[in-house]
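For the record, in the sequence shown the residue sitting at position 847 is 931 according to my numbering, with numbers rising by one throughout. We put the CB at the ideal spot given by N, CA and C, even for glycine. Notes to accompany the following structure.
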Amino acid sequence: MQPPTVAGTPDAEPRPDPAPDDGAKTGSDTGAEKGGDAGAEAGNGTEREAGTTPEAPAAHEAPEAHGAHRAAEAHADAPDPDPDTDSDTDGSTGRGVPPGSHADPLSGDEPLLAARVHRPSDLLRLLIGILAIAIVLGLSAFAHGTTSGLEQDISKGTGQAPDLLVKVAGLISSIAVLLVPVAFAIERLIKRDGLRIADGVLAAVLAHGVTLATDLWVARAAPGSIQDALTRAQPGEGLTDPVHGYLAPVIAYMTAVGMARRPRWRVVLWVVLLLDAFAMLVAGYTTPFSIILTVLIGWTVAYGTLYAVGSPNVRPTGQTLMAGLRHVGFRPVSAMRAEPDDTADSTEQGERGRRYLVTLDEGPPLDVTVVDREQQAQGFFYRVWRRLTLRSISTRRSIPSLRQALEQEALLAYAAIAAGANAPKLIATSELGPDAVILVYEHMGGRSLDSLPDDEITDELVRGAWEQVKALQSRRIAHRRLTGDALLVDRDGQVIVTDLRGGEIAAGDVVLRMDIAQLLTTVGLRIGAERAVATAVDVLGPDTVADCLPLLQPIALSRSTRATLRRLARERSQREREAVLQASLAAKHSRTSEAKAPATDAERKAARKSLRAEKQAEKRALDDAQEGAREEDLLSQIRAQVLLIRPQAPVEPVRLERIRPRTLFSFIAGAVAAYFLLSSLAGLDFGTVVAEAHWGWVAAAVLFSSLSYFAAAMSLLGFVPERVGFLRTVVAQVAGSFVKIVAPAAIGGVALNTRFLQRAGVRPGLAVASVGASQLFGLGAHILLLLLFGYLTGTEKTASLTPSRTVIAGLLTVAVLVLVVTAIPFLRKFLVTRLRSLFAGVVPRMLDVLQRPMKLATGIGGMLLLTGMFVMCLDASVRAFDNGDHGLSYASVAVIFLAGNALGSAAPTPGGVGAVETALTVGLVVTGGVPSEVAVPAVLLYRALTLWLPVLPGWICFNHLTRKGAL
């Protein structure tokens, strides 16, 4: 992204004018802040005209007069530009346009800013509040001794307070807690900030609702330890409220309207809250944990409301920028907003800030970057996630303050020029009000590397880019984002390095090598791996280039570069599929044209031999076509080119990830599952359970578990028109029991079956399609069976076939979820993309299967038989521990199994460990009414027969098939 080139004399350095009469100084905090406030007034007032190109004033009209007229209109209609800051100086002369300046309209179109923005900081505070509430409730539930001791200590301490002091504090706080919000609302309404008051009222209403729900939950459903920690017994009046019905809404209101951000109001707020808490504690109307929970609920609901409805947008506009530049000594005439690059990532756009090309009254134009808090917070959660999951290769904070961001970019700009690199020259910096900063650079006319045609990217130009990297790294300066839009090419063909804001001073070796790997990939995407490596070696030398190979991995590259590599990978896969499909069609056409009807038995035998030979030849031709169409990815090509120059170069990737996302999710799910499982096992006497078990039903459960592998083989082969051995397929399903332990249940079985079919002679594309068809039919059968058995379960205890209200509520819930997913574009696109990638090629494969009814019947029958075997295994496991009579129908057992299996497939843990056990146990106890001392050992027996005991036979079968070349 580069501002449009403006005619001028770039060689002349612009000089700021002397400071204005109002005392503003370049880079000074006071003058800049006042200029920012003034510009905000003008900018907000003229925002309605920012989307059009205003006409210039008449030639006879003085610019000052025209600007003053526009400023007067803006002042008449403008709201408070920054409701979040203290307004002690609202009545001063700082309001409106500064003396001696005028607010010119922007030369060009500027997009209208949204009236409200959803701040990531509000979402972060919401999540922190929810976590804090969970911690308080957890301490109340599991640390009963600690909470009781804390209450006793506080009661002893507050019991020594004078009675008169307690009564006065209670009277003052009870009045002030209601008067302070009203006074603040009046003050805001006078300053025409009614939207904030509306936000506060909405937050208060929601907080009151959450308070009522919490009180109801604590009184009726919460554990006794939580109830004891949050309430106190009142003589003849029952228990106190767990959450204070008036205090939480007041806190939510004051937080939502931004009272805590104003120093004077903040002091009053905390004094009132402390007095109220002190009075209630001494009087015995509450507990310490109740006060903490009340504050957290009000605070959390407030930020949840702000994030949901959005906060007023106080980002500076172009008009604000014009006024701010005048206050730091420049005389701007117009400003043109540079359009952001549509291909760039939103996080990277936020890191670069908004850019303007500013034309001065005298001298060359300027490049001005505006960085505000909202843009700076874009991609916060992504950066936090990268910081948590990647090893410590950087010391940067996820969100530095605006002052730190300003100083960081200024330091890097000066350091880059001192290192001899071609970088924009920074000539001024300043704060633009309390929520933005500006950085003023000399205008560097040119085009970005991304915007250049491929034929204009010469080797000389690329060497110029490597020269800039060499200059930066000579002083150990890391850029951290050497993408195509960060490299400009001026009219003389010189490469200029921009976007230094995210760089590092005194960078380590790993970060410097990451820069080389990034630029190799950036250049390789445009001119190919061979030229990219050759130009890098010419400038940096072979050893330096070879040292970056361990960092040449997607995780070390920028977000936009990773997206480009993924897109190219999809295109390569599509070309490979098209090549294989064309080869397959050509082989079929050749075989059809040469086929003749056999007349005798000898001819038929010869035809069968010829057909087998032709199939083998067709398979070899398809393999050759796939091999010929296979293309190496760019990173592999770069490695190969570097190894040609330095064969001994290290190629083993450096592990940059501290923890993989799947590992983290598996660990969390496993910890939760282990907690629930151990809690269930704590009260069991296994000796008694085993002694009283009915071994006949255990043997039946073993039989049903064994038969499930034959049913699984049928469900797979039913969707494979080619001839595949049945017994070997059964062995492959047993081997899948071993694979499920080392991979999630929904992934391990798919990969193993696909590989098995490929080794059995089924072409790769058809093997994937067959497994996808089996999975698709299995998903449909699972849903239909769940609905059918759920309906039957609801009608068991009624004389008619009317389903129960629970079933109806469940169906309506599913329908609402489906409507929500289909109505939200992001969720709809995500679901369609996943399903399309999972079931690609399934429809043509299903057409082949439909031509063979016996195959289709085998597949559908195998699926139904597989479900039946698992249901009967679970039923037999329950009967083994309850004397053979649990009172559950097979429909109820089927519903419990189908629901638990669905959760296990969705869980990220191998084999659905934890999720399945919890779901089945809860289903048997809650839905089926089975005692927990029966449900827990029954579920453990079922999981042992279907997951744990088959591991050893599965490992044996897996090794056997591997040795035979079947896997």
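Remark: C-beta atoms of L510 and A520 do not approach each other more closely than 9 Å.
For Y525, there is no enclosing alpha helix (DSSP H); the enclosing beta strand (DSSP E) has its first and last residue at A520 to E526.
Ranked by Cα distance from R209, the options A386, A269 and Q725 are led by A386. The bridge partners DSSP lists for P396 are R200.
Segment contact: the segment 620 to 636 against the segment 727 to 734, three or more CB-CB distances shorter than 8 Å; contact assigned. Distances from the CA of G587 to each of R565, T605 and I600 were compared; the closest alpha carbon is that of R565. Membership of Y1026 in the alpha helix (DSSP H) is indicated by the continuous run S1016 to R1027. Residue state for V455 is assigned as strand, using DSSP reduced to three classes. In this structure, the straight-line span from the alpha carbon of L868 to that of L950 is close to 15 Å. In the structure shown, V617 falls within a helical segment according to DSSP collapsed to helix, strand and coil. With fewer than three CB-CB distances shorter than 8 Å, the segment 436 to 451 does not count as touching the segment 717 to 732. Inter-segment contact for the segment 833 to 850 and the segment 1004 to 1012 is absent: fewer than three beta-carbon pairs are separated by less than 8 Å. Straight-line measurement puts the Cα of R280 at about 16 Å from the Cα of V264.
V623 is positioned such that its CB atom lies closer than 9 Å to that of E551. Beta-carbon to beta-carbon, A291 and I381 are separated by about 6 Å, close enough to satisfy the 8 Å threshold. When Cβ pairs closer than 8 Å are counted between the two stretches, the segment 556 to 563 is seen to touch the segment 582 to 602, the count reaching three or more.
Only residues of its own chain outside the window of five on either side were considered, and among them Q311, L323 and P326 have a CB closer than 8 Å to the CB of A303, listed in chain order. The beta carbon of A489 lies closer than 8 Å to those of V455, Q460, V521 and R585 in the same chain, with the five residues before and after it left out. Assignment of beta-bridge partners to L323 by DSSP yields A317. Excluding residues up to 5 positions away in sequence, F810, T813, V814, A816, Q817 and G946 lie with their Cβ nearer than 8 Å to the Cβ of A797 in the same chain.
Here H673 is exposed: its Cβ has fewer than 16 other Cβ atoms, across all protein chains shown, within 10 Å. F788 has its alpha-carbon roughly 17 Å from the corresponding atom of G1038.
Boundaries for P333: no beta strand (DSSP E) harbours it, while the alpha helix (DSSP H) harbouring it runs L331 to A340, taken from the DSSP string. Pairing Y337 with A287 gives a Cβ-Cβ distance under 9 Å. A direct Cα-to-Cα measurement between Q637 and L728 gives close to 19 Å. When the beta-carbon positions are compared, A555 and A503 come within less than 9 Å of each other. Here the C-alpha atom of S532 lies approximately 53 Å from the C-alpha atom of A1050. The closest CA to that of E491, considering only I501, N506 and L523, is found on L523. Relative to the Cα of P204, the nearest Cα in the group D539, A216 and T389 belongs to T389.
In the DSSP assignment, E515 falls within the unbroken beta strand (DSSP E) covering L510 to E515. In this structure, T371 lies away from G213, with their beta-carbon atoms at least 9 Å apart. Inside the segment 771 to 805, DSSP marks whole alpha helix (DSSP H) runs of 4 or more residues at positions 779 to 801, from first to last along the chain. Here the C-alpha atom of D360 lies approximately 14 Å from the C-alpha atom of P333. In this structure, V786 sits near L1029, with a CB-CB distance shorter than 9 Å.
Taken atom to atom, the span from the alpha-carbon of E614 to that of Q602 is near 15 Å. V412 sits in coil when the DSSP states are folded into three classes, being neither helix nor strand.
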